[in-house]
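Peer 1: The structure under discussion is supplied below as structure tokens; questions concerning it will follow.
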Amino acid sequence: MAHAVPFDTLAFVRELETSGVPSPQAEAQAKALSRVLQEVEESRFRELATRGDVLRLEKEVLRVEKGIESAKAETIKWTAGMFAAQTALILGAIFALMRMNQPHATPAPQQDSSVQEMRLPPQQAGSTPSSR
Numbered sequence: 021m022a023h024a025v026p027f028d029t030l031a032f033v034r035e036l037e038t039s040g041v042p043s044p045q046a047e048a049q050a051k052a053l054s055r056v057l058q059e060v061e062e063s064r065f066r067e068l069a070t071r072g073d074v075l076r077l078e079k080e081v082l083r084v085e086k087g088i089e090s091a092k093a094e095t096i097k098w099t100a101g102m103f104a105a106q107t108a109l110i111l112g113a114i115f116a117l118m119r120m121n122q123p124h125a126t127p128a129p130q131q132d133s134s135v136q137e138m139r140l141p142p143q144q145a146g147s148t149p150s151s152r
């Protein structure tokens with residue numbers, strides 16, 4: 021993997037040698053520093069979100085949002101249906117109670133044929149009860 025910031029090991033070794041560091045020790049330090057820089061870069065690269073990762077996450081967010089919208093619409097349908105059913109049930113109960121509380125025509129009592137009726141004779145027009 022290429023370094024994001026180029027590290028010139030030869031220039032580093034020469035600089036150490038001019039400072040009085042023996043050549044084998046300068047080369048060892050250059051290799052160690054190069055390895056550390058490469059590990060740091062690889063670690064950062066693993067943590068870095070790539071454009072593909074971002075696009076994948078955006079698609080996932082859209083899918084979840086679509087699912088939420090679908091669930092929302094389904095909830096509204098169920099709520100409206102339950103409201104209509106509850107209203108029909110209440111109206112049915114009200115009409116049933118109204119029918120139960122209506123006055124019923126009571127049938128005329130059956131009279132025993134052995135009992136005679138006592139009725140007044142019908143009055144004639146123009147006659148008053150005192151004229152009899």
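Each position in the sequence shown, counted from 1, maps to that position plus 20 in this note's numbering. Quick reminder that beta carbons are idealized off the backbone N, C-alpha and C, glycines included.
For the pair the stretch 47–58 and the stretch 23–37, tell me if three or more CB-CB distances fall below 8 Å.
Peer 2: Touching, yes, given that three or more Cβ pairs across the two stretches are closer than 8 Å.
Peer 1: Which residues bound the alpha helix (DSSP H) around residue 69?
Peer 2: From DSSP, residue 69 is part of no alpha helix (DSSP H); its letter is neither H nor E.
Peer 1: Assign residue 33 to one of two classes, buried (16 or more other C-beta atoms within 10 Å of its C-beta) or exposed (fewer than that).
Peer 2: So residue 33 counts as buried.
Peer 1: Output needed for residue 91: all residues of its chain with C-beta closer than 7 Å, excluding positions within five of it in sequence on either side, in chain order.
Peer 2: Cβ neighbours of residue 91 beyond the five flanking positions: none.
Peer 1: Taking the straight line between their C-alpha atoms, what separation do you get for residue 122 and residue 86?
Peer 2: The alpha-carbon atoms of residue 122 and residue 86 are separated by roughly 54 Å.
Peer 1: Between which two residues does the alpha helix (DSSP H) carrying residue 29 extend?
Peer 2: Unbroken alpha helix (DSSP H) run through residue 29: 29–38.
Peer 1: Could you give the distance in angstroms between the alpha-carbon of residue 112 and the alpha-carbon of residue 88?
Peer 2: Each residue's Cα considered, the two are about 36 Å apart.
Peer 1: Spatial neighbours of residue 82 within its chain, please: C-beta separation below 6 Å, excluding the five flanking residues on both sides.
Peer 2: So the list is empty, once near-sequence residues are dropped.
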